[in-house]
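According to the working numbering, the residues represented by the sequence shown are 6 to 91, in order. Just so it is clear, CB atoms sit at the ideal spot from N, CA and C, and this is done for glycine as well. From a predicted model like this one, the values you see are computed outputs, not experimental measurements. Step one of this worksheet: look at the structure below.
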Amino acid sequence: MNTFLSLTLIALLLSILAGLIRVFRGPAPAERMLAAQLFGTAAVAILLVLSQLMQMPALLDVAMVFALLAAVTLVGFVVLASRGVR
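See below:
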């Protein structure tokens with residue numbers, strides 16, 4: 006089971022790397038924001054996997070806070086984008 010979770014962590018880190026490339030190469034602000042959402046989602050998933058690997062239930066609370074922050078960030082981006090602020 007630990008091997009599977011470790012491989013899952015590696016896959017999540019690779020997805021963050023792919024998102025980082027999109028942040029730097031993305032032509033539109035919306036594409037950059039979607040990559041930032043990928044970071045938030047991957048961070049939550051990494052924390053959930055680490056919580057199981059390290060048997061630290063407190064990481065579940067941290068993951069929940071990250072998920073809420075990612076949602077608030079997306080709402081802030083949508084509000085600013087609808088106003089035309091760059």
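Asked                                                                                                      : Found
Outcome for G24 when other beta-carbon atoms lying within 10 angstroms are tallied against a minimum of 16 : buried
When G89, V67, V49 are compared against T13, the one with the closest alpha-carbon                         : V49
Burial state of L65, where buried means 16 or more other Cβ atoms lie within 10 Å                          : exposed
Helix, strand or coil at R24 [DSSP, three-state]                                                           : Rather than Arg, the amino acid found at residue 24 in this sequence is Gly. Three-state DSSP puts G24 in a helix.
For P32, three-class secondary structure by DSSP                                                           : coil
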